[in-house]
Each structure stands twice: as C-alpha cells, then as structure tokens.
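**Student:**
2 protein chains.
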Amino acid sequence: MKSSIFKPVDKELALVEKGIKDIANVEYPWLAELLDYIVNSGGKRVRPALTLLAGKLQGDYNLDVLLPVATGVELLHTATLVHDDTIDLSTRRRGKPTAASIWGWGIATLAGDYLFSQSAELVSRANNVRTDRLFAQTLMALCTGELEESFCSFDLNQTREGYYKRIGNKTASLFSMATESAGIVNNAPEKAIEALRDYGYNLGMAFQVVDDILDFTASEDKLGKPVASDLLQGKLTLPAILLKERRPDNNPIKAIFEDREKERSLKTAIEMICDSGIITECYKVAQSFVESASKSLKTFTDSPSHRALIELADYVVERQK
Amino acid sequence: MKSSIFKPVDKELALVEKGIKDIANVEYPWLAELLDYIVNSGGKRVRPALTLLAGKLQGDYNLDVLLPVATGVELLHTATLVHDDTIDLSTRRRGKPTAASIWGWGIATLAGDYLFSQSAELVSRANNVRTDRLFAQTLMALCTGELEESFCSFDLNQTREGYYKRIGNKTASLFSMATESAGIVNNAPEKAIEALRDYGYNLGMAFQVVDDILDFTASEDKLGKPVASDLLQGKLTLPAILLKERRPDNNPIKAIFEDREKERSLKTAIEMICDSGIITECYKVAQSFVESASKSLKTFTDSPSHRALIELADYVVERQK
Numbered sequence: 280m281k282s283s284i285f286k287p288v289d290k291e292l293a294l295v296e297k298g299i300k301d302i303a304n305v306e307y308p309w310l311a312e313l314l315d316y317i318v319n320s321g322g323k324r325v326r327p328a329l330t331l332l333a334g335k336l337q338g339d340y341n342l343d344v345l346l347p348v349a350t351g352v353e354l355l356h357t358a359t360l361v362h363d364d365t366i367d368l369s370t371r372r373r374g375k376p377t378a379a380s381i382w383g384w385g386i387a388t389l390a391g392d393y394l395f396s397q398s399a400e401l402v403s404r405a406n407n408v409r410t411d412r413l414f415a416q417t418l419m420a421l422c423t424g425e426l427e428e429s430f431c432s433f434d435l436n437q438t439r440e441g442y443y444k445r446i447g448n449k450t451a452s453l454f455s456m457a458t459e460s461a462g463i464v465n466n467a468p469e470k471a472i473e474a475l476r477d478y479g480y481n482l483g484m485a486f487q488v489v490d491d492i493l494d495f496t497a498s499e500d501k502l503g504k505p506v507a508s509d510l511l512q513g514k515l516t517l518p519a520i521l522l523k524e525r526r527p528d529n530n531p532i533k534a535i536f537e538d539r540e541k542e543r544s545l546k547t548a549i550e551m552i553c554d555s556g557i558i559t560e561c562y563k564v565a566q567s568f569v570e571s572a573s574k575s576l577k578t579f580t581d582s583p584s585h586r587a588l589i590e591l592a593d594y595v596v597e598r599q600k
Numbered sequence: 280m281k282s283s284i285f286k287p288v289d290k291e292l293a294l295v296e297k298g299i300k301d302i303a304n305v306e307y308p309w310l311a312e313l314l315d316y317i318v319n320s321g322g323k324r325v326r327p328a329l330t331l332l333a334g335k336l337q338g339d340y341n342l343d344v345l346l347p348v349a350t351g352v353e354l355l356h357t358a359t360l361v362h363d364d365t366i367d368l369s370t371r372r373r374g375k376p377t378a379a380s381i382w383g384w385g386i387a388t389l390a391g392d393y394l395f396s397q398s399a400e401l402v403s404r405a406n407n408v409r410t411d412r413l414f415a416q417t418l419m420a421l422c423t424g425e426l427e428e429s430f431c432s433f434d435l436n437q438t439r440e441g442y443y444k445r446i447g448n449k450t451a452s453l454f455s456m457a458t459e460s461a462g463i464v465n466n467a468p469e470k471a472i473e474a475l476r477d478y479g480y481n482l483g484m485a486f487q488v489v490d491d492i493l494d495f496t497a498s499e500d501k502l503g504k505p506v507a508s509d510l511l512q513g514k515l516t517l518p519a520i521l522l523k524e525r526r527p528d529n530n531p532i533k534a535i536f537e538d539r540e541k542e543r544s545l546k547t548a549i550e551m552i553c554d555s556g557i558i559t560e561c562y563k564v565a566q567s568f569v570e571s572a573s574k575s576l577k578t579f580t581d582s583p584s585h586r587a588l589i590e591l592a593d594y595v596v597e598r599q600k
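Residue numbers (the numbering used here), protein chains in the order written: chain A, 280 to 600; chain B, 280 to 600.
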C-alpha cells in the first residue's frame with residue numbers, strides 16, 4: 280500500500296493502531312501474549328483507513344465514534360484471517376508463523392472468536408443500533424462467503440456470477456461496512472450512506488479481482504506463497520473461470536482438481552491464462568468496479584479525503600502485490 | 280429438564296423453536312443442510328426459557344423484542360458448542376455425530392462463526408444498543424473462559440477462586456445475559472435489571488458446579504461420556520480442587536495429568552472424591568449460589584413466571600443429568 284494515500288488520516292490511523300494494540304491489555308498474561316502476537320502481525324490497515332477517510336469526507340465527524348468503529352472493522356478482518364489460517368492449516372502469514380502454528384488450532388479458533396467479540400464491542404461503542412446490525416450482517420456475509428468457498432472447492436461447475444457473489448460476501452462486504460459505517464455514525468443523509476456503501480463494495484470487488492489476478496501473474500517471492508495457489512487449493516477464481524469459458528473441453532483445470540499430472544497441468548494452466556487475453560479481461564472487470572466506486576464519490580465535494588479515496592481506487596488496480 | 284417448569288412460557292418457547300429452525304432457511308442448499316443439522320441436534324432450551332420467564336416476570340413485555348433476543352441467546356450457546364466440539368475433536372453430542380465429525384472441522388468452525396453472526400443479528404432486532412453491547416461482552420466472557428480452560432489444562436496450580444472466575448466466564452455469563460437482556464429490552468428499572476443479572480449469574484454458577492459434580496457421580500450411561508472426563512482432559516473442576524486442598528501431597532491427580540498409571544489413578548481419584556465429604560461440600564457451594572439466585576428474585580412480585588424461576592433454581596441442584 281502506498282502509505283501516502285492515507286495522509287489525510289495519518290494521525291487518526293495512529294490512534295486506531297493504538298486501539299488495536301490496546302486489546303492485548305488484559306489481566307491474563309497468557310491471553311495478552313497471544314493477542315499481542317496476533318494484532319502485531321502487520322497488515323496495511325486499509326479497512327480502518329477507509330472508515331476514517333469516508334468519515335472525513337463528509338465534513339463534520341466525531342472521532343469518539345469513528346475511531347472505535349474503524350478499529351472494530353480492522354479487528355473483524357483480523358479475526359477472519361486467524362480463522363482462515365486455522366482452517367487452511369497455514370503455517371505462515373505476512374512472513375511470520377501463524378497463531379495456529381504456534382498455539383495450536385484450538386486456541387487459534389478461540390482467539391478468532393475473542394477477536395469477533397472485541398470487534399463487536401468496539402463497534403457497539405458508537406451507540407448506534409444501525410452499525411451494530413451492520414456488524415452482524417457483515418459477519419454473516421463473511422462467513423457465508425468463506426463457507427461457499429469451502430463447499431465449492433474442487434467443483435468445476437462454478438460460474439462468473441457465482442464468483443462475484445462469493446467475493447461480494449467474503450471481501451466486498453467488509454470494505455462496504457468500513458465505508459458505510461462512517462456514514463451511519465456521522466448521521467449522514469441516506470443518499471450519502473448509500474454512496475459510501477457502493478464505493479466500499481465496488482472497491483472491495485476490484486481489490487479481490489486483482490488479488491485473484493496476482494495469484495497467477497506475480498512471483499512466488501512477491502506473493503509469499505506458490506503461484507496459482509488458489510487452483511492448487513481447488514478454488515476457481517476469475518482468471519480460471521474465464522479459461523474454462525474459453526476452453527470448456529480443453530483446459531487443464533480438471534486434471535489439477537483430480538490430481539492428475541498436477542505440476543505439468545498447473546504450468547499449462549498458468550501459461551494459458553497469462554499468454555491469452557484473460558488477464559487483460561480480468562483487469563477490465565476490476566477497472567469497471569473501480570469506475571463504479573469512483574462514480575459513487577461524485578455526490579461528495581472535493582477534499583483531501585475525497586482525492587485519497589479516488590487515488591486508492593486507482594491504486595487497487597495498479598498494485599503489484 | 281423438567282419441562283413443566285417452563286409451562287408459563289410454553290407458547291413463546293414454541294415460537295423461539297420456530298425462530299431457531301428458521302435460520303436454516305437460506306438460499307444455499309448445502310448451508311441449509313448444515314444449519315438444519317446443527318440447530319435440530321436437541322437441547323433443553325434452558326437459556327431462551329430464562330429470557331422469556333424473566334421477561335414475563337415484569338408484567339408488561341413486548342414479544343417482538345423478547346423473542347429475537349431469546350432466540351439469539353440460544354444460538355450463541357449453540358455456536359459455542361459447535362466450536363467446543365471442533366476444538367475438543369468430539370465425535371458425538373447428545374447422541375448424534377457432531378457437525379465437525381460429519382463436515383470436517385474447517386466447515387464446523389465457519390458454521391460456528393455463522394451462528395455467532397445470526398445470534399448478533401437476532402439480538403440486534405431489539406434495536407437496543409445496550410443488548411448489543413451485552414452480546415459483545417458476553418461473547419468476550421465466553422471466549423475468555425474457554426481460552427482459560429485451554430491454557431490451564433493439565434496445570435495443577437489451580438485454585439477455587441480461579442475456578443469460580445473461569446466458570447463465571449464460560450457458563451454464568453450467558454445465563455446472566457439471558458435474564459439481564461429481558462430486563463433491558465423491557466425497559467425495566469435499573470434495580471430490576473441488576474436483580475435479573477444476579478439471578479442469571481448465580482443460577483449459571485450453580486448449574487456449572489452441579490455439572491462438574493455429576494461428571495464424577497453420574498454413570499457413563501447418563502453422562503454420555505466417561506466418568507471424570509474432565510480430569511482425563513486435564514480440567515480441574517471444583518471436586519478435584521477440593522481433593523487437592525484436602526490432600527495437597529497425596530492425591531492421584533498429578534499422576535493422571537502426567538499419564539502415569541492413568542486408569543488406576545483415575546479410579547482412586549473418583550473414589551477419593553465420592554467417598555469423602557467432597558461431593559457434599561460441592562453441593563453446598565451449588566446450593567449457596569441457588570440461594571443467592573432466589574434471593575435476587577425477591578424484588579419481583581409473585582407470578583407463575585416468578586415461581587418457575589425459583590423452581591428452576593432448585594431443579595438445577597436436584598437434577599441427575
């Protein structure tokens with residue numbers, strides 16, 4: 280993340296960072312150590328930055344409610360990552376051993392649950408029934424998306440529409456909550472709240488599409504995991520779905536999913552995806568989400584936060600990792 | 280559970296039951312099947328009954344808010360059971376295979392998360408920031424209690440105070456939420472809300488102490504698991520802590536935790552606990568919690584719900600499973 284984009288909310292982000300670290304201030308030393316490890320495992324803090332930028336976009340804002348909500352949004356993200364790593368048996372994230380690999384997956388599961396509760400508690404500090412409801416609905420969407428991914432893994436019959444719905448749940452819902460909640464706690468007009476929700480949702484969609492592109496085009500070194508790891512895990516993302524659309528009967532995905540000549544088939548799949556127009560088409564999809572996102576912002580007047588949100592949307596497509 | 284105790288809220292409990300089953304009405308058939316299996320796995324519905332009885336205790340009550348909160352409380356309980364089974368690798372609960380043993384622990388973990396979100400969503404339907412906050416705090420207490428149990432397992436240095444704190448978090452917090460939330464959504468006076476919270480908390484404490492007694496005194500058949508399974512899992516509950524207090528240097532718990540002559544040591548521990556005054560002392564502890572619970576109810580006037588809550592408190596100690 281180009282940190283310069285977050286400049287208009289640099290000070291507030293530092294307070295969010297403090298709020299995140301504060302959750303490790305608990306009476307039990309063993310719990311403090313566990314939480315401290317998890318919340319200090321890095322992260323670009325994109326989601327709380329979105330809440331803060333969206334909050335400042337509207338002129339008047341109240342940090343007393345904006346900060347806990349922004350912090351809660353980030354902890355909700357952290358909680359899902361902890362459970363993802365536990366479920367996937369991942370040993371490393373962001374270059375560090377995962378909580379599950381150190382404390383075991385039982386404790387990692389409970390730590391994720393604890394972070395859900397912390398997130399709910401922080402959001403509840405805004406004293407707003409609407410953000411509380413949004414928290415519940417977002418958690419539901421996140422879980423539905425993750426469950427869908429689990430149930431659909433190694434299933435060849437996945438469509439573009441199914442993919443959009445899935446990433447809408449597992450990724451865009453939280454981006455959407457990040458920006459919408461800022462409008463709600465600021466008591467913004469309904470039109471503004473809707474615009475913020477649309478911005479966040481479309482940005483999240485673009486973010487995930489680009490993530491899924493990079494899984495094929497970036498180097499193992501940049502990714503911190505093998506190239507095409509989604510395919511290896513039985514996940515059909517947009518590039519693979521487009522390959523399937525173009526070559527319904529003659530593509531190596533079936534072989535990969537059935538564990539036949541896996542290495543050779545994977546190499547062929549990566550080549551087929553990268554050497555055709557598929558990546559360009561995927562970027563066009565991402566770009567159209569970004570355009571929708573930026574269009575949503577037209578309802579707000581120009582300001583440093585406004586420019587930052589537009590720049591962020593463009594950056595999401597341009598980023599290389 | 281003697282179902283006659285719940286008679287004053289029989290009709291409302293049927294509506295809660297419907298609400299619980301309704302959460303399996305989702306668009307994805309695979310998710311519907313999973314949720315349907317989990318929510319139809321039995322359960323005595325003690326916690327939602329508490330919310331309903333506590334709600335009716337106060338005269339005026341609004342079912343539109345009381346029902347979703349009661350249903351949310353039960354689903355919070357269900358969610359924690361799903362995660363408990365996943366973490367403990369339990370294969371059976373209430374005579375049926377666990378979700379984890381059928382769908383695998385990855386999906387069971389996500390299903391538990393999904394139930395947390397459903398619980399939060401149901402509670403949020405009361406449109407009350409205070410119950411939303413209570414939900415978050417209760418989830419936090421539940422997770423802290425479970426984490427404490429995990430971190431302290433096979434640790435011989437556990438005290439009575441630590442035990443009370445742990446069961447306060449892992450069990451009494453939810454009983455307390457069940458009754459306190461009824462007062463909150465009924466806009467009861469602070470004194471009444473406090474009394475309901477105290478009742479629930481003390482009832483929950485008694486409930487867990489009796490559970491921990493029965494783990495030693497009931498038959499394997501009634502328990503549906505081996506006698507003294509807590510000790511086998513490295514958990515020190517009140518009966519074992521009292522044994523340790525009485526015989527600090529000459530008890531078989533150390534041997535059990537260190538896996539030395541386990542079967543014989545376990546038999547000795549059960550005999551030492553059951554043949555001494557330990558069980559009587561544990562029942563005295565449970566009884567004193569029940570008395571505190573009943574005392575809290577004195578602030579309310581006599582009614583069928585009032586009598587039911589007092590009867591329930593007595594039943595908690597008398598029950599044999």
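Beta carbons are placed, not taken as given, at the ideal position from N, Cα and C, and that holds for glycine.
Does residue 512 of chain A get closer than 8 Å to chain B when you measure Cβ to Cβ?
**Tutor:** False, the Cβ-Cβ gap to chain B never drops below 8 Å.
**Student:** From which residue to which residue does the alpha helix (DSSP H) around residue 315 of chain B run?
**Tutor:** Residues 308-318.
**Student:** Using beta-carbon positions only, say whether residue 535 of chain A and residue 544 of chain A come within less than 8 Å of one another.
**Tutor:** Yes, the pair counts as a contact, with Cβ atoms nearer than the cut-off.
**Student:** Helix or strand or just coil, what does DSSP make of residue 323 of chain A?
**Tutor:** It is coil, neither helix nor strand.
**Student:** Counting only the same chain and skipping the five closest in sequence on each side, list residues whose C-beta sits under 6 Å from that of residue 420 of chain B.
**Tutor:** Hits under 6 Å: 448 and 452.
**Student:** By the 10 Å Cβ neighbour count, where 16 or more other Cβ atoms means buried, how is residue 476 of chain B classified, buried or exposed?
**Tutor:** That one is buried.
**Student:** Tell me the start and end of each unbroken alpha helix (DSSP H) in the region 333-416 of chain B that is at least 4 residues and wholly inside, in chain order.
**Tutor:** Entirely contained in the region 333-416 of chain B, the alpha helix (DSSP H) runs reaching 4 residues are, in chain order, 342-367, 378-382 and 384-403.
**Student:** Nearest chain A C-beta to residue 425 of chain B closer than 8 Å, yes or no?
**Tutor:** Yes - at least one Cβ of chain A is within 8 Å of the one on residue 425 of chain B.
**Student:** Could you check whether the Cβ of residue 587 of chain B sits closer than 8 Å to any Cβ belonging to chain A?
**Tutor:** Judged by the 8 Å Cβ criterion, residue 587 of chain B is not in contact with chain A.
**Student:** Consider the Cβ of residue 377 of chain A: report whether some Cβ of chain B lies at a distance smaller than 8 Å.
**Tutor:** Judged by the 8 Å Cβ criterion, residue 377 of chain A is not in contact with chain B.
**Student:** Select from the region 558-588 of chain B all residues with a C-beta closer than 8 Å to any C-beta belonging to chain A, and list them in chain order.
**Tutor:** Listed by position along the chain: nothing, the set is empty.
**Student:** In whole angstroms, what separates the C-alpha of residue 495 of chain B from that of residue 384 of chain A?
**Tutor:** C-alpha separation (whole angstroms): 29 Å.
**Student:** Quick one, are the C-beta atoms of residue 330 of chain B and residue 348 of chain B less than 8 Å apart?
**Tutor:** Yes.
**Student:** What residue range does the alpha helix (DSSP H) around residue 462 of chain B cover?
**Tutor:** It spans 452-464 - the alpha helix (DSSP H) in which residue 462 of chain B sits, taken as one unbroken run.
**Student:** Mind checking if residue 366 of chain B is an interface residue toward chain A, Cβ cutoff 8 Å exclusive?
**Tutor:** So yes, residue 366 of chain B belongs to the interface.
**Student:** DSSP on residue 507 of chain B, reduced to helix/strand/coil?
**Tutor:** Coil at residue 507 of chain B, not helix or strand.
**Student:** Helix, strand or coil: which one does DSSP assign to residue 599 of chain B?
**Tutor:** Residue 599 of chain B: coil per DSSP, three-state reduction.
**Student:** Just how far apart, CA to CA, sit residue 366 of chain B and residue 547 of chain A?
**Tutor:** Each residue's alpha carbon lies about 40 Å from the other.
**Student:** Can you tell me which of the three DSSP states residue 593 of chain B falls into?
**Tutor:** Residue 593 of chain B: helix per DSSP, three-state reduction.
**Student:** Could you tell me the boundaries of the alpha helix (DSSP H) in which residue 502 of chain A lies?
**Tutor:** Here the alpha helix (DSSP H) through residue 502 of chain A covers 499-502.
**Student:** Examine chain A for any beta-carbon lying closer than 8 Å to the beta-carbon of residue 386 of chain B, and answer yes or no.
**Tutor:** With 8 Å as the cut-off, residue 386 of chain B counts as an interface residue toward chain A.
**Student:** Less than 7 Å between C-beta atoms, sequence neighbours within five positions excluded: which residues of the same chain meet that for residue 345 of chain A?
**Tutor:** Closer than 7 Å at Cβ, skipping near neighbours: 330, 331, 334, 461 and 464.
**Student:** Have a look at residue 437 of chain B and residue 427 of chain B and give me their C-alpha separation to the nearest angstrom.
**Tutor:** Roughly 11 Å separates the two Cα atoms.
**Student:** DSSP on residue 302 of chain A, reduced to helix/strand/coil?
**Tutor:** Residue state, collapsed to three classes: coil.
**Student:** Chain A partners of residue 416 of chain B, CB-CB under 8 Å?
**Tutor:** By Cβ distance, chain A contributes 396 and 400.
**Student:** What is the DSSP secondary structure of residue 437 of chain A, reduced to helix, strand or coil?
**Tutor:** Note: residue 437 of chain A maps to coil in three-state DSSP.
**Student:** With burial defined as no fewer than 16 other Cβ atoms inside 10 Å of the residue's Cβ, what is the status of residue 539 of chain A: buried or exposed?
**Tutor:** The residue is exposed, with fewer than 16 neighbouring Cβ atoms inside 10 Å.
**Student:** Against chain B, does residue 356 of chain A count as a neighbour if the rule is that its beta carbon must be under 8 Å from one of theirs?
**Tutor:** Cβ-Cβ to chain B under 8 Å: no for residue 356 of chain A.
**Student:** Can you tell me whether residue 411 of chain B is buried or exposed, with buried defined as 16 or more other CB within 10 angstroms of its CB?
**Tutor:** Buried is the call here.
**Student:** Does the beta carbon of residue 433 of chain A come closer than 8 Å to any beta carbon on chain B?
**Tutor:** No, residue 433 of chain A lies away from the interface with chain B (no Cβ there is under 8 Å from its Cβ).
**Student:** Return helix, strand or coil for residue 513 of chain A, following the three-state DSSP convention.
**Tutor:** Coil, per DSSP.
**Student:** Would residue 430 of chain B count as contacting chain A if we go by Cβ distances under 8 Å?
**Tutor:** It does; some Cβ of chain A falls within 8 Å.
**Student:** Check whether the region 470-487 of chain A touches the region 585-592 of chain A, taking contact to mean three or more Cβ pairs, one atom from each stretch, closer than 8 Å.
**Tutor:** The region 470-487 of chain A vs the region 585-592 of chain A: in contact.
**Student:** Where does residue 300 of chain B land, buried or exposed, given buried means 16+ other C-beta within 10 angstroms?
**Tutor:** Looking at its Cβ environment, which holds fewer than 16 other Cβ atoms inside 10 Å, residue 300 of chain B is exposed.
**Student:** Between which two residues does the alpha helix (DSSP H) harbouring residue 550 of chain A extend?
**Tutor:** Segment 541-554, the alpha helix (DSSP H) holding residue 550 of chain A.
**Student:** For residue 408 of chain A, which residues in chain B fall below 9 Å Cβ to Cβ?
**Tutor:** The contacting residues are 403, 405, 406, 407, 408 and 411.
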